[in-house]
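Residue numbers (the numbering used here): 177 to 575. The next block holds one structure in the form of structure tokens; read it before the comments.
The following block contains the structure:
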């Protein structure tokens, strides 16, 4: 855009390119030679600046918390819990919309086990279930909108089959939704006419997060914005847009994935991937002055799994004892704490960030959680709320 700057110049007026609102006390801007389109552009620019100033004022009373973690660590479930605890929850119409997701999750689970039966060379205890399995494999999961009685009978028959139960016990050898047992154990209720998912059903549903999802709610007159990003590797390149002005980072890590492989790469252990991601995040300069809140999630699944799956088989440094959930939790926590200690001073082992920057020692809060347990998450969030508000007061020098 071309503007004329009028002032005291030795050689008279000259043409320059510039910002029409810069240095208003020493010069006058003449818009008389601008086209209507250019005048509109100036007006729009002023309006944008006004809106940005208003947004800046609002931002002072809005705190952003970034939710990170690998795929299926429980991030989306945590967001749902915040909606139930601090928001308006789910209306009956909202809950009805989740019915098709429940049906899809059930079919995804059955089809995953049927495929695994062949790979693991497990036979069906009841010969007729081999035919039921093939019929169910022909169903397009993503087109499922209802559960008919015929499909429900076949699924129930398969779930009672001894071969399928053996396959389920070996679920660490293939990818299976954590909600499988819950949904299949509630199949009669779910398959009934007029089914409306309960809040617990909604918490158990699994829909992969793609892109960036946000949820806002208010606590003590301060607005909290929790930003959830996709946990799969292909989504991580998008995280950069969420890093600015984060008051705290919530990192979710699944305690139960120690014997599982990545969905994207079956040769890599899922817990090692989570530990690597945690290390990568602590290295990033955007988080050098950010409080870290570590949720060691899926305590309930760990307590069940540790009875039959030896943690030492996947992490040889685990001292035991076997089948001890408390010892397993403390060992996994210590692996994350070892990483955190290396980056206690921002910048990691090398002791700091860019020259001249001042960084306070990092703070980490940790909690053992069960994201599907509303009472547990409510109690934990009350604990971290004070930490978040304290960080806010410190940020704006209000303490």
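We treat Cβ as the ideally placed atom computed from N, Cα and C, and that holds for glycine.
Note on residue 352: 16 or more other CB atoms within 10 angstroms of its CB, so buried under the neighbour-count rule.
Take the alpha-carbon of residue 448 and the one of residue 500: they are about 21 Å apart. Inter-residue distance for residue 437 and residue 247 is about 11 Å (C-alpha atoms, whole angstroms). Secondary structure of residue 546 (DSSP, three-state): coil. Bridge partners of residue 242 according to DSSP: 403 and 425. The continuous alpha helix (DSSP H) containing residue 281 extends over residues 275-295. Here residue 483 carries a coil assignment [DSSP, helix/strand/coil]. Judged by DSSP in its simplified three-state form, residue 398 adopts strand. Taken through DSSP and simplified to helix, strand or coil, residue 512 comes out as helix. Going by DSSP, residue 308 is part of the alpha helix (DSSP H) stretching over 304-313. In the DSSP assignment, residue 471 falls within the unbroken beta strand (DSSP E) covering 467-473. Per DSSP, the beta bridge partners of residue 392 are 401. If the five residues before and after residue 293 are omitted, its C-beta is found closer than 6 Å to the C-beta atoms of 343, all from its own chain and listed in chain order. The beta carbon of residue 272 lies closer than 7 Å to those of 372 in the same chain, with the five residues before and after it left out. Taking the Cα of residue 350 as reference, the smallest distance to any Cα among 262, 337, 296 and 471 is reached at 296. Put simply, the backbone Cα of residue 360 is about 20 Å away from that of residue 479.
By the Cβ test, the region 396-407 is in contact with the region 250-264, since at least three Cβ pairs between them sit closer than 8 Å. Looking from the CA of residue 301, the closest CA among 284, 239, 335 and 475 belongs to 335. By the Cβ rule, the region 499-513 counts as touching the region 453-472, because three or more pairs are nearer than 8 Å.
One thing to note: residue 241 has its Cβ within 7 Å of the Cβ of residue 424. By alpha-carbon distance to residue 538, the top candidate from 422, 291, 520 and 495 is 520. Residue 282 has its alpha-carbon roughly 20 Å from the corresponding atom of residue 304. With a 10 Å radius around the Cβ and a threshold of 16 neighbouring Cβ atoms, residue 313 comes out exposed.
A straight-line Cα-Cα distance of about 10 Å links residue 214 and residue 220. Taking C-beta separations shorter than 7 Å and ignoring five residues to either side along the sequence, the partners of residue 445 in its chain run 437 and 490, following chain order.
The Cβ atoms of residue 330 and residue 367 lie no closer than 7 Å to each other.
Per DSSP, residue 495 lies in no alpha helix (DSSP H) segment and is marked neither H nor E.
When 316, 245, 379 and 337 are compared, the shortest CA-CA separation from residue 260 is found for 379. Per DSSP, reduced to three states, the secondary structure at residue 540 is strand. Exposed is the label assigned to residue 223, since fewer than 16 other Cβ atoms lie within 10 Å of its Cβ. Following the DSSP letters along the chain, one finds residue 520 in no alpha helix (DSSP H), marked with neither H nor E. The residue among 458, 262 and 443 with its C-alpha nearest the C-alpha of residue 427 is 458. Counting C-beta atoms within 10 angstroms of its own C-beta, residue 381 has 16 or more neighbours from the protein chains shown and is therefore classed as buried.
For the pair residue 503 and residue 250, the CB atoms are not nearer than the 7 Å cut-off.
For residue 481 against residue 432, the beta-carbon gap comes to about 5 Å, under 8 Å, which counts as contact. DSSP places residue 441 outside both helix and strand once states are collapsed to three, so it counts as coil.
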